[in-house]
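J.:
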Amino acid sequence: MNSVASLVDNAFSRLTHDEKIAVKNLKRPMPQLCLENKQSVKGKDVIRKFKLDIYKKNDWICGCDIKNALFCFPCLLFGGEPSWSKNGIRDLIHLSAKITKHENSEGHLKNIFSLRMLGKNNIQNVLDSSYRKAIQKHNEEVTKNRHVLNLIINCIRFCGAYELALRDHDERETSNNKGIFRELINFTAELDKSLRDHIESAPVFKGLSKTIRNELLDAMLNVYHEQVASEIKASDYISVIADETTDVSNQFQLVVVLRYIVDARPVERFWKFLLPSGHDANSLSASILNEIGLLVDDPEKLIAQSYDGAAVMSGAINGVQRHVQDQIFFANLTGLCTFFSTSPQRAARLEEFLQRKSLPRSSKIKWNFNSRAVNTIYEHREEIIEALEQIEREAKLQTTIQQAGANLRILEEENFIYWLTFFHKIMPHVDILFNQLQKVNTDALKIKHNLGNFERVIGKIRAEIADTDNQLVKQNDTELTPRPSKRRRVTDDIKTRFRFTGHLILANLISFKQFPSFEKEFPDDYLKEAVKFYPCLNESRLRTELTVLYFSAVGLLGLLLDGLSDTFNEVVKLLKIVITIPMTTSEAERQFSRLKKIKTFLSSTMKEDKLNALTMLSCEKEFINDIPNFNEKVIEQFCKSKTRKMDFVYRQV
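Residue numbering for the sequence shown follows UniProt numbering, beginning at 1 and increasing consecutively.
(1) Roughly how many angstroms lie between the CA atoms of Met220 and Asn139, to the nearest whole one?
(2) Judging by CA-CA distance, which residue of Lys27, Pro74, Leu92 is the nearest neighbour of Gly107?
(3) By the three-class DSSP mapping on this structure, what secondary structure does Arg543 have?
(4) Please report how far the alpha carbon of Lys610 lies from the alpha carbon of Met616, in whole angstroms.
(5) DSSP state of Gln305, grouped into three classes?
(6) In terms of alpha-carbon separation, which member of Met30, Pro29, Leu118 lies closest to Leu15?
(7) Closer than 6 angstroms by C-beta to His198: which residues in its own chain qualify, once you throw out the five before and the five after it? Chain order, please.
(8) Are the region 89-102 and the region 49-64 touching by the rule of at least three beta carbon pairs closer than 8 angstroms?
(9) Can you give me the C-alpha to C-alpha distance between Leu542 and Tyr237, rounded to a whole angstrom?
(10) Check whether the Cβ atoms of Leu164 and Thr188 lie closer than 7 angstroms to each other.
(11) What do you get for Gln652, buried or exposed, if any count of 16 or more other CB atoms within 10 angstroms of its CB means buried?
(12) Pair every Cβ in the region 85-94 with every Cβ in the region 61-73, then say whether three or more of these pairs are closer than 8 angstroms.
(13) Which residues bound the beta strand (DSSP E) around Ser40?
(14) Out of Cys619, Ser641, Val649, state which residue places its alpha-carbon closest to the alpha-carbon of Ala214.
(15) How many Å lie between Lys133 and Ser230 at the Cα?
(16) What is the residue span of the beta strand (DSSP E) that Ile61 lies within?
(17) Secondary structure at Gln637, three-state DSSP: helix, strand or coil?
(18) Touching or not, the region 417-425 and the region 393-401, by the rule of three or more beta carbon pairs under 8 angstroms?
(19) Starting from Glu75, trace the alpha helix (DSSP H) in both directions and tell me its first and last residue.
(20) Let me know if Leu28 comes out buried or exposed under the rule of 16 or more other beta-carbons within 10 Å of its beta-carbon.
(21) For Gln637 versus Val23, is the C-beta spacing smaller than 7 angstroms?
(22) When the Cα atoms are used, what is the spatial distance from Met646 to Phe205?
(23) At the level of alpha carbons, what is the spacing between Asn415 and Phe568?
(24) Report the rounded CA-to-CA distance for Asp192 versus Phe648, giving the unit in angstroms.
(25) Give me, in chain order, the residues of the same chain whose beta-carbon lies closer than 7 angstroms to that of Pro266; leave out the 5 immediate sequence neighbours on both sides.
(26) Within its chain, find whatever has a CB closer than 6 angstroms to the CB of Leu336; leave out the 5 residues flanking it on each side and keep chain order.
(27) If the criterion is Cβ atoms closer than 7 angstroms, does the pair Gly63 and Asn111 meet it?
(28) Alpha carbon to alpha carbon, what distance is there between Asn625 and Lys576?
(29) What does the alpha-carbon distance come out to for the pair Ser277 and Asn612?
(30) Pull up the CB-CB distance for His424 and Tyr378, whole angstroms please, since I reckon it's below 8 angstroms.
(31) Looking at the secondary structure, which residues open and close the alpha helix (DSSP H) in which residue 692 lies?
(32) Report all residues from its chain with a CB closer than 7 angstroms to the CB of Val457; omit the five preceding and five following residues, and keep chain order.
(33) If you draw a straight line from the C-alpha of Ile156 to the C-alpha of Ile180, how long is it?
(34) What are the residues that DSSP puts in a beta bridge with Ala242?
(35) Note down the Cα distance separating Asn10 from Glu632, rounded to an integer number of angstroms.
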């Protein structure tokens with residue numbers, strides 16, 4: 001029973017307690033071994049042979065006559081270095097050094113202690129009564145501490161879910177307004193005696209400091225990320241949605257949203273904000289790829305990428321930043337609207353000249369703000385100039401005079417006038433395309449048709465641009481230098497943005513309305529395009545399954561309900577890909593888009609240290625509520641991060 005071969009084949013941990021005691025009482029096996037090593041010393045061969053005296057070097061070394069090797073008896077029983085517990089030692093030349101090294105190892109000493117204590121009464125059990133009382137008292141204190149921490153977590157979640165400030169400028173006890181979070185804690189303490197006693201008497205860790213709040217936010221974000229990562233691991237495909245956003249302080253953020261299927265329905269989850277080292281294509285790509293690499297092991301699992309925003313939707317030739325007119329025009333446009341909208345007096349002065357009309361308010365989340373602003377400023381440029389001149393003359397504040405003068409120079413600048421006229425010509429077509437893409441009942445074919453019409457119209461405008469230049473010369477009595485390179489870039493940018501439309505073909509293959517026509521003539525072109533863009537699809541198998549599907553005219557829902565998903569596995573794979581791909585319209589404007597929620601949140605939020613966690617609490621509150629034992633998991637994460645002055649970990653008897 002105590003032979004090395006027997007203990008290697010039958011793990012000691014699987015034996016009963018009585019069997020373990022029997023092995024210990026039989027003591028270590030010390031058989032004769034046939035070990036022999038040859039060593040060259042000063043040109044002479046010296047042979048070292050095994051001797052039984054080796055067992056006398058210590059009380060733990062043992063041998064196996066089957067493996068013909070030396071072992072450590074305690075490590076063989078309780079597990080340790082493989083060379084001493086599984087493989088054995090056969091090197092007699094360096095045996096002394098190996099013994100010395102092994103004797104000093106922590107694992108070896110623990111195993112010797114475990115073997116010595118096996119079968120003896122634990123001193124803690126001897127002092128059973130006092131020990132158990134101490135453990136019980138400790139665990140009662142932990143339960144109370146966890147209850148208090150759970151209430152603090154709930155207050156943080158409440159403030160985060162409803163976008164309420166977690167800190168205020170003055171949180172001192174003497175302050176009349178300590179901020180929403182502190183007042184919420186105080187209100188909760190009035191209803192809960194444990195929390196009230198903790199706040200009044202706890203010498204350490206009241207849980208109200210900024211440091212503790214930030215650490216709890218980090219723990220919440222970690223639990224959230226773990227849950228999202230587990231969902232992604234269980235899903236077949238994932239798509240990435242990235243967009244540039246800015247908060248109210250104009251701090252640039254690159255937001256990443258993940259889209260995948262959970263329980264046969266598509267979901268979008270906020271992942272995090274990225275702060276790339278630069279705004280160029282390489283910097284943005286590196287930031288996104290780094291995050292994807294942490295989530296997706298198989299590259300084929302990532303089947304789609306969606307980018308929105310001027311800095312993200314890059315041109316293939318000019319990179320990320322060079323767009324339309326490098327965004328300077330629209331920055332000036334926004335600044336002009338903001339100048340009037342942030343002051344009731346300025347707005348009133350402008351309305352006098354515009355006959356009770358006003359400029360649209362600046363919006364960072366609605367594209368059609370640019371369209372309305374362009375049209376209004378183009379149609380009333382002269383009146384706006386007169387209003388600015390009067391404001392500049394009458395204003396008392398130095399900043400107002402400076403801003404009015406700067407906006408005047410912009411409105412009279414040649415480059416601004418040129419682009420104002422240019423965008424006035426194309427914005428109506430942009431609005432038409434925008435409205436077409438936002439229709440709920442749109443499909444892939446309509447989108448492709450609309451994009452084609454839009455590209456043709458822009459091509460005509462490009463051809464007519466020379467007439468636009470002549471018109472500007474007559475209207476403004478200025479001379480404009482032709483800008484052929486920029487005009488070409490506008491058209492090229494449109495082509496680049498909508499270059500990859502082949503994936504829209506996937507939706508056509510499973511369009512139920514087209515099943516009758518596909519039954520008569522199979523859409524081979526669609527199939528080849530689909531397989532070209534998504535090689536994970538088996539073309540021959542998919543063709544066969546679609547042929548049967550078109551012929552039977554069975555609905556896709558019926559296919560799933562009738563348990564045919566295994567039979568039509570390629571069609572199901574196609575369905576999953578189509579569902580996982582981000583919607584074919586602008587993600588930032590559709591009804592349930594996660595990006596829209598995030599942008600709305602940022603539009604009224606200043607940059608904070610824990611912006612990822614705060615956004616998660618606000619935009620993913622429903623998902624967080626569905627995570628089982630979320631608060632308990634947060635507490636576990638919170639306890640792991642570092643040693644706490646209060647006890648939050650239970651002890652076992």
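Think of the CB as a built atom: it goes at the ideal place given N, C-alpha and C, for glycine as much as any other residue.
T.: Inspection of the coordinates gives the following:
(1) As a position in the sequence shown, residue 220 is number 220, starting the count at 1. As a position in the sequence shown, residue 139 is number 139, starting the count at 1. Taking the straight line from one Cα to the other gives about 24 angstroms.
(2) Within the sequence shown, residue 107 is the residue found at index 107, counting from 1. That would be Pro74, whose Cα lies nearest to the Cα of Gly107.
(3) Working through the sequence shown from its first residue, we reach residue 543 at position 543. Here Arg543 sits in helix by DSSP.
(4) Along the sequence shown, one-based indexing puts residue 610 at 610. Along the sequence shown, one-based indexing puts residue 616 at 616. If I take the Cα positions, the gap works out to 10 angstroms.
(5) The residue given as residue 305 occupies position 305 in the sequence shown. Strand, per DSSP.
(6) For the purposes of this step, residue 15 is taken as residue 15 along the sequence shown, with counting starting at 1. The candidate whose alpha carbon is nearest that of Leu15 is Leu118.
(7) Along the sequence shown, one-based indexing puts residue 198 at 198. Cβ neighbours of His198 beyond the five flanking positions: Val148.
(8) yes
(9) As a first step, residue 542 is located in the sequence shown; it is residue number 542 there, counting from the start. As a first step, residue 237 is located in the sequence shown; it is residue number 237 there, counting from the start. Near 18 angstroms, if we compare the C-alpha coordinates of Tyr237 and Leu542.
(10) To locate residue 164, count along the sequence shown from 1; it is residue 164. To locate residue 188, count along the sequence shown from 1; it is residue 188. No, these two residues do not count as a Cβ contact at 7 angstroms.
(11) Here residue 652 is taken as the residue at index 652 of the sequence shown, counted from 1. Classification of Gln652: exposed, given that the 10 Å Cβ count is below 16.
(12) yes
(13) Translated into positions along the sequence shown, residue 40 becomes position 40. Where Ser40 is concerned, the enclosing beta strand (DSSP E) stretches over 36-41.
(14) Walking along the sequence shown from the start, residue 214 turns up at place 214. First, the residue type needs correcting, since residue 214 is Asn and not Ala in the sequence shown. The residue with the shortest Cα to Cα distance from Asn214 is Ser641.
(15) Reading the sequence shown from its first residue, position 133 is the one you call residue 133. Reading the sequence shown from its first residue, position 230 is the one you call residue 230. Lys133 and Ser230: Cα-Cα distance of roughly 40 angstroms.
(16) Within the sequence shown, numbered from 1, the residue matching residue 61 stands at position 61. Run containing Ile61: 61-64, per the beta strand (DSSP E) assignment.
(17) Counting from 1 along the sequence shown, the entry for residue 637 is found at position 637. The answer is helix: DSSP assigns Gln637 an H, G or I state.
(18) no
(19) Locating residue 75 in the sequence shown gives position 75, counting from the first residue. The question names Glu, but residue 75 is Cys in the sequence shown. Per DSSP, Cys75 belongs to the alpha helix (DSSP H) from 73-78.
(20) By 1-based counting over the sequence shown, the position of residue 28 is 28. Going by the sequence as given, residue 28 is Arg instead of Leu. So Arg28 counts as buried.
(21) On the sequence shown, position 637 is the one that residue 637 refers to. On the sequence shown, position 23 is the one that residue 23 refers to. Against a cut-off of 7 angstroms, the Cβ pair of Val23 and Gln637 comes out as no contact.
(22) Start at 1 with the first residue of the sequence shown, and residue 646 comes out as number 646. Start at 1 with the first residue of the sequence shown, and residue 205 comes out as number 205. Near 7 angstroms, if we compare the C-alpha coordinates of Phe205 and Met646.
(23) For the purposes of this step, residue 415 is taken as the residue at position 415 of the sequence shown. For the purposes of this step, residue 568 is taken as the residue at position 568 of the sequence shown. Between Asn415 and Phe568, the C-alpha separation is close to 59 angstroms.
(24) On the sequence shown, residue 192 is found 192 positions in, with the first residue counted as 1. On the sequence shown, residue 648 is found 648 positions in, with the first residue counted as 1. Spanning the two alpha carbons is a distance of roughly 19 angstroms.
(25) Here residue 266 refers to the residue found at position 266 of the sequence shown. So the qualifying residues of the chain are Arg259, Ile579, Thr580.
(26) Walking along the sequence shown from the start, residue 336 turns up at place 336. Within the same chain, Leu336 has close Cβ partners Asn407.
(27) Sequence index remark: in the sequence shown, residue 63 carries index 63 (1-based). Sequence index remark: in the sequence shown, residue 111 carries index 111 (1-based). No, these two residues do not count as a Cβ contact at 7 angstroms.
(28) Locating residue 576 in the sequence shown gives position 576, counting from the first residue. Locating residue 625 in the sequence shown gives position 625, counting from the first residue. The alpha-carbon atoms of Lys576 and Asn625 are separated by roughly 26 angstroms.
(29) In the sequence shown, residue 277 corresponds to position 277, counting from 1. In the sequence shown, residue 612 corresponds to position 612, counting from 1. Using only the alpha carbons, I get a separation of about 18 angstroms.
(30) Position 424 of the sequence shown, counted from the first residue, corresponds to residue 424. Position 378 of the sequence shown, counted from the first residue, corresponds to residue 378. That belief holds up - the Cβ atoms of His424 and Tyr378 are roughly 4 angstroms apart, short of 8 angstroms.
(31) With the chain running from 1 to 653 in the structure shown, residue 692 is simply not present.
(32) The residue you call residue 457 lines up with position 457 of the sequence shown. Closer than 7 angstroms at the Cβ level, and outside the excluded window around Val457, lie His429.
(33) Reading the sequence shown from its first residue, position 156 is the one you call residue 156. Reading the sequence shown from its first residue, position 180 is the one you call residue 180. The straight-line gap from Cα to Cα measures roughly 10 angstroms.
(34) Counting from 1 along the sequence shown, the entry for residue 242 is found at position 242. Answer is Val256, Tyr307, bridged to Ala242.
(35) Taking the first residue of the sequence shown as 1, we reach residue 10 at position 10. Taking the first residue of the sequence shown as 1, we reach residue 632 at position 632. Cα to Cα, Asn10 sits roughly 39 angstroms from Glu632.
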